[in-house]
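**Q** The sequence shown runs 14 to 349 under my numbering. The beta-carbon is built from N, C-alpha and C at its ideal position, and this holds for glycine as well.
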Amino acid sequence: GRVQRAFTSVRASSLRPPCVYLFSSQRHALRSTMGGHNSKPDASKVIDGKAIAAAIRGEIKDEVTALKEKYGKVPGLAVVIVGSRPDSATYVRMKRKACDEAGIVSFHKDMPEESTEEEVLKVVADFNADPECHGILVQLPLPKHMNEEKILAEITIEKDVDGFHPLNIGKLSMKGHEPLFMPCTPKGCVVLLERSGVTLSGANAVVVGRSNIVGMPAALMLMKKDCTVTVVHSRTKNPEKICRNADIIIAAAGSAHMVKKNWIKKGAAIIDVGTNSVPDASKKAGYRLTGDVDYDEAVKVASKITPVPGGVGPMTIAMLMSNTLDSGKRFMEKEK
14 GRVQRAFTSV RASSLRPPCV YLFSSQRHAL RSTMGGHNSK PDASKVIDGK
64 AIAAAIRGEI KDEVTALKEK YGKVPGLAVV IVGSRPDSAT YVRMKRKACD
114 EAGIVSFHKD MPEESTEEEV LKVVADFNAD PECHGILVQL PLPKHMNEEK
164 ILAEITIEKD VDGFHPLNIG KLSMKGHEPL FMPCTPKGCV VLLERSGVTL
214 SGANAVVVGR SNIVGMPAAL MLMKKDCTVT VVHSRTKNPE KICRNADIII
264 AAAGSAHMVK KNWIKKGAAI IDVGTNSVPD ASKKAGYRLT GDVDYDEAVK
314 VASKITPVPG GVGPMTIAML MSNTLDSGKR FMEKEK
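1. Quick one, which of LYS163, ALA64, VAL133 has its alpha-carbon nearest MET328's?
2. For VAL325, is the classification buried or exposed, using 16 other Cβ atoms within 10 angstroms of its Cβ as the cut-off for buried?
3. Applying the 10 Å Cβ sphere with the 16-neighbour rule, what's the burial state of ASN336?
4. Taking just the CA atoms, how far does VAL227 sit from HIS121?
5. Out of curiosity, what's the CA-to-CA distance linking ASP293 and VAL87?
6. Per DSSP, THR303 is paired with what?
7. Taking the alpha-carbon positions, what's the GLU161 to PHE177 distance?
8. What is the residue span of the alpha helix (DSSP H) that LEU165 lies within?
9. Whole angstroms are fine: how far does the CA of LYS296 sit from the CA of ALA269?
10. Between GLY222 and VAL244, is the Cβ-Cβ spacing less than 9 Å?
11. Between which residues of its own chain and ASN116 is the CB-CB distance below 8 Å, once the five residues before and five after are set aside?
12. Pair every Cβ in the stretch 144 to 162 with every Cβ in the stretch 96 to 110, then say whether three or more of these pairs are closer than 8 Å.
13. Alpha carbon to alpha carbon, how far is GLY323 from LEU213?
14. From CYS112, LEU205, LYS254, pick the residue whose C-alpha is nearest to that of LEU235; which is it?
15. Looking at C-alpha atoms only, which residue of TYR308, VAL314, GLU310, VAL291 is the closest neighbour of LEU302?
16. If ALA331 and ASP305 are in contact, beta carbons under 8 Å, what's the gap, nearest whole angstrom?
17. Roughly how many whole angstroms lie between the Cα atoms of PRO192 and ASP339?
18. I need the straight-line Cα distance from ASP139 to ALA311, nearest angstrom please.
19. How big is the Cα-Cα spacing for VAL242 and SER186?
20. Output needed for ILE255: all residues of its chain with C-beta closer than 8 Å, excluding positions within five of it in sequence on either side, in chain order.
21. At which residues does the alpha helix (DSSP H) containing THR198 begin and terminate?
22. Going by DSSP in three states, LEU359 sits in which element: helix, strand or coil?
23. In whole angstroms, what is the alpha-carbon distance linking GLU127 and GLY96?
24. Apart from the five residues just before and just after SER316, which ones in its own chain have a Cβ nearer than 7 Å to its Cβ?
25. Going straight from the alpha carbon of ALA68 to that of GLY210, what length do you get?
26. Can you tell me where the alpha helix (DSSP H) holding ILE65 begins and where it ends?
27. Is DSSP giving LYS317 helix, strand or coil here?
28. Using the C-alpha atoms, what's the distance from THR169 back to PHE194?
29. Sorted by chain position, which residues of the same chain lie with C-beta nearer than 8 Å to VAL93's C-beta, five sequence neighbours on each side aside?
30. Within 10 angstroms of its Cβ, does ASP307 collect 16 or more other Cβ (buried), or is it exposed?
31. Of all the options ARG70, GLU145, GLU167, LYS157, which has the alpha carbon lying nearest to the alpha carbon of GLU114?
32. Which complete beta strand (DSSP E) runs does the stretch 103 to 187 hold, if anything under 3 residues is left out?
33. Go ahead and pull the three-state DSSP assignment for ILE283.
34. Cα separation between ASP143 and GLY89?
35. Just to confirm before moving on: does the CB-CB distance between ILE263 and ALA216 stay below 9 Å?
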C-alpha cells in the first residue's frame, strides 16, 4: 500500500504529462476531444423518447384520419378506473388527452372505491359488447377487495390493448405465433431501439428485472427479434459480469442507479425503464426522478441511452394508442 501511494505521489508531482503546459486554448481543445469534466454528453447518444413518441403519435393521428375517411368511424378506447388514487387519475387524464390528440374516441367509466367486483365485471362486459369500443383498459391497481386477475381476464382478447391477456402473453412466448397486442412499456422499449438504429438480430441482450409488466415480456419480445437474451434478477450471481457482455441492456428492476458504468460494455445500447424517487432538497417536491442506470457515468460508455425522465415514459402511452389503432383497423376491416 505504501509503495503504491509513493508511486502515485511521484507520478503526480514529477511525471506530470506535458499537456499541463499547454496554452489555455489548447487545453480547452484537448479537454473537448477527451471528454473533460465540463463536456456535455454527445447528443447523438441520447435516445429522445419524447421526440420519438411525438412522431409516432403524429403517425397515428394521420392513420386515424385515413380510417375516418375510409370507414366513417374512428377507433375507440375505454378506460375503467375504480377509486380515487391521485396517481391513477393522473395516468387516466394523460391517456384521455392522448386519445383526443390522436382523434381516438375516449370512453371512460369512473367507479367509486366501494364498487363490487360484479359491478366492475358488468362494466367490462358492456364495453366488450360495444361495437364502437375497440380497446379496454382497466387502470391498476384495483381496490384490495377485488380480484385483478379475474377482472382482467374478463376483457375479450380482441380488445386487450394492454397486452396482458394470458392468450396474448402465451402467443408472445411461442415461436411462429403473434399476439394481437403486446404490453405497452416493453413494446415501447423495443421500438425505441429500432427507431434509434440499434441492430437487434444476433445481439446479446440482457433484461434486468423479471416483472410480468416489463421484464418478462421485454425478454420475449427481444427473442422474437432474434436477440440472444439473458434475464438478470434478484437471485442472479455476478449480474455485472453478465451485463458487461451485453450489446443491449433493458434495465427494469426498480432500483435506483443499480446498473453502474462498470456493468456496461463500451458501445452498448441502454434502455432505462426505472422511475425511482430519490431525495433532492433542491427540488420543490423534495425529490427527483432517476432511473435504474447511473446515467451520468453510463453515458460515457454507451452508444445509445435513454434519460429518465423523457425516455421510456412517453412511449408507453404512444404504444397504447398504437395498439388501439391496430384494434380499430381489425374490427373495421371485419365489418366492411
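**A** Let me lay it out:
1. ALA64
2. Buried is the label assigned to VAL325, since at least 16 other Cβ atoms lie within 10 Å of its Cβ.
3. buried
4. 25 Å
5. Across the structure, ASP293 and VAL87 are spaced so that their CA atoms are roughly 45 Å apart.
6. ASN289
7. 12 Å
8. 161 to 167
9. ALA269 and LYS296: Cα-Cα distance of roughly 18 Å.
10. yes
11. Asn is not the amino acid found at residue 116; the sequence shown has Gly there. Cβ within range, chain order: LYS74, VAL77, THR78, LYS81, VAL87.
12. yes
13. 22 Å
14. LEU205
15. Of TYR308, VAL314, GLU310, VAL291, the smallest CA-CA separation from LEU302 is found for VAL291.
16. That belief does not hold up - the Cβ atoms of ALA331 and ASP305 are roughly 21 Å apart, past 8 Å.
17. 12 Å
18. 48 Å
19. 13 Å
20. Around ILE255: VAL219, THR243, VAL245, THR249.
21. 197 to 208
22. Coverage of the chain is limited to positions 14 through 349, which leaves residue 359 absent and any answer about it impossible.
23. Whole-angstrom Cα-Cα distance: 8 Å.
24. Closer than 7 Å at Cβ, skipping near neighbours: LYS58, GLY280, ALA281, ALA282.
25. 16 Å
26. 62 to 84
27. strand
28. 12 Å
29. Annotation for VAL93: HIS121, LYS122, MET124, VAL133, VAL136, VAL137, PHE140, ILE149, LEU150, VAL151, GLN152 place their beta carbon closer than 8 Å to its own, counting only its chain and skipping 5 residues before and after.
30. When all chains shown are included, ASP307 counts as buried.
31. Looking at the Cα atoms, ARG70 is the closest of the given residues.
32. Scanning the stretch 103 to 187 from its first residue to its last, the whole beta strand (DSSP E) runs of 3-plus residues come out as 118 to 124, 148 to 151.
33. DSSP places ILE283 in strand when its eight states are reduced to three.
34. 10 Å
35. No, Cβ-Cβ distance for ILE263 and ALA216 is not below 9 Å.
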